[in-house]
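S.K.: Residue numbers (our numbering), protein chains in the order written: chain A, 1 to 115; chain B, 116 to 226. Built from N, CA and C at the ideal position, the CB exists for glycine as well. Sharing a structure with you now.
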């Protein structure tokens, strides 16, 4: 019963490096999301996807890219890492939205430090 | 702009007593509200939700109250248990795909 799986759990990057945060879900959910949580703050939506091949920006998309080639996977790409991107990243998924009122299911997060 | 606010960073209650966590919002278009619970090194887990057409929703020891005129919601936990100690996030959305979260309230339930 894996749910939403994120890898890696921890990572340290140097400024300017790139990396991909992986997220996969086994619940056949249509909707997937990426959030970041900075210390003392709530989660902020980076990107979301309503299905394979469809992605859209959230509240804080700058510096990130996403793709959704399959229902299961929703990787988040950092192209040129900056210290401001030091954060904990959470991936989530849900069956529907709006009137479906489906809650989001979260992974355990990736703690990313950029030095 | 912070559309969802949890003004109490922390709350401490005695085991068996009531815990009341509060949340205020500014966007009158929000129509769906949720509470999530988070333990250290884990992702948030869904606790309870309420639609804007209701003013109360109960699930066991957890009750969420919504006051649309005041743009305020609260989570009541009765009775509180030590295992309830966690960070609680309030969240709100117009549609579920653009959810805004509060900064969280750390609840400590003392035995």
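Cβ of residue 74(A) less than 8 Å from any chain B Cβ?
M.R.: By 1-based counting over the first chain, the position of residue 74(A) is 74. In terms of beta-carbon proximity, residue 74(A) stays away from the interface with chain B, with every pair separated by 8 Å or more.
S.K.: Name the residues in the segment 33-49 of chain A whose C-beta lies less than 7 Å from a C-beta of chain B; which are they?
M.R.: 40, 41, 42, 43, 45, 48
S.K.: Are three or more beta carbon pairs between the segment 101-115 of chain A and the segment 52-59 of chain A nearer than 8 Å?
M.R.: Flag = no, the segment 101-115 of chain A and the segment 52-59 of chain A do not touch.
S.K.: Check distances from the C-beta atoms of the segment 18-29 of chain A to those of chain B and list, in chain order, the residues that come in under 8 Å.
M.R.: none
S.K.: Just checking: is the beta-carbon of residue 179(B) within a distance shorter than 8 Å of some beta-carbon in chain A?
M.R.: Counted from its first residue, the second chain places residue 179(B) at position 64. No, because no Cβ of chain A sits closer than 8 Å to the Cβ of residue 179(B).
S.K.: Looking at the strands, I want to know which residues DSSP matches up with residue 32(A).
M.R.: Stepping through the first chain from its first residue, residue 32(A) is reached at position 32. In DSSP, residue 32(A) forms a bridge with 49(A), 93(A).
S.K.: Please confirm if the segment 166-185 of chain B is in contact with the segment 87-96 of chain A, defined as three or more CB-CB distances below 8 Å between the two stretches.
M.R.: no
S.K.: Would a check of beta-carbon distances place residue 207(B) closer than 8 Å to chain A?
M.R.: The residue given as residue 207(B) occupies position 92 in the second chain. Residue 207(B) does not count as touching chain A.
S.K.: At the level of alpha carbons, what is the spacing between residue 222(B) and residue 165(B)?
M.R.: Residue numbering aside, residue 222(B) sits at position 107 when the second chain is read from its first letter. Residue numbering aside, residue 165(B) sits at position 50 when the second chain is read from its first letter. Taking the straight line joining both Cα atoms gives about 21 Å.
S.K.: Which residues, taken in chain order from the segment 143-159 of chain B, show a beta carbon closer than 9 Å to some beta carbon of chain A?
M.R.: 146, 147, 149, 151, 153, 156, 157, 158, 159
S.K.: Can residue 12(A) and residue 115(A) be called in contact, C-beta distance under 8 Å?
M.R.: By 1-based counting over the first chain, the position of residue 12(A) is 12. By 1-based counting over the first chain, the position of residue 115(A) is 115. Closer than 8 Å, so yes.
S.K.: Please list the partners that residue 90(A) has in chain B, where partner means a Cβ-to-Cβ separation under 7 Å.
M.R.: For this step, residue 90(A) is matched to residue 90 along the first chain. Chain B residues near residue 90(A): 158.
S.K.: Tell whether a beta-carbon distance below 8 Å holds between residue 7(A) and residue 76(A).
M.R.: Indexing the first chain from 1 puts residue 7(A) at position 7. Indexing the first chain from 1 puts residue 76(A) at position 76. Against a cut-off of 8 Å, the Cβ pair of residue 76(A) and residue 7(A) comes out as no contact.
S.K.: Does DSSP put residue 99(A) in a helix, a strand or coil?
M.R.: The residue given as residue 99(A) occupies position 99 in the first chain. Legend: pLDDT at residue 99(A) = 47, less than 50; position of this residue unreliable, no value from coordinates given.
S.K.: Tell me whether the segment 196-209 of chain B and the segment 150-169 of chain B touch, counting them as touching only if at least three CB pairs, one residue from each stretch, are closer than 8 Å.
M.R.: Flag = yes, the segment 196-209 of chain B and the segment 150-169 of chain B touch.
S.K.: Starting from the C-beta of residue 152(B), find all residues in its chain whose C-beta is less than 6 Å away, skip the five residues before and the five after it, and write them out in chain order.
M.R.: Taking the first residue of the second chain as 1, we reach residue 152(B) at position 37. Here the set comprises 160, 162, 201, 203.
S.K.: Grouping DSSP H, G and I as helix and E and B as strand, with all else coil, what is residue 174(B)?
M.R.: As a first step, residue 174(B) is located in the second chain; it is residue number 59 there, counting from the start. Strand.
S.K.: Which residues does DSSP list as the beta-bridge partners of residue 204(B)?
M.R.: Translated into positions along the second chain, residue 204(B) becomes position 89. According to DSSP, residue 204(B) shares a beta bridge with 151(B).
S.K.: Taking Cβ positions only, does residue 201(B) come closer than 8 Å to chain A?
M.R.: Translated into the one-based positions of the second chain, residue 201(B) becomes position 86. Judged by the 8 Å Cβ criterion, residue 201(B) is not in contact with chain A.
S.K.: Could you give the first and the last residue of the continuous beta strand (DSSP E) run that contains residue 69(A)?
M.R.: Here residue 69(A) is taken as the residue at index 69 of the first chain, counted from 1. Taken as a continuous stretch (DSSP letters only), residue 69(A) belongs to no beta strand (DSSP E), as it is neither H nor E.
S.K.: Can you tell me whether residue 84(A) is helix, strand or coil according to DSSP?
M.R.: Counting from 1 along the first chain, the entry for residue 84(A) is found at position 84. In the structure shown, residue 84(A) sits in a helix (DSSP, three-state: H, G or I).
S.K.: So with Cβ pairs under 8 Å, would you call residue 16(A) a contact of chain B?
M.R.: Here residue 16(A) refers to the residue found at position 16 when the first chain is read from its first residue. By this cut-off, residue 16(A) is not an interface position.
S.K.: My output table needs one value for residue 19(A): the three-state DSSP class, helix, strand or coil.
M.R.: For the purposes of this step, residue 19(A) is taken as the residue at position 19 of the first chain. Residue state, collapsed to three classes: strand.
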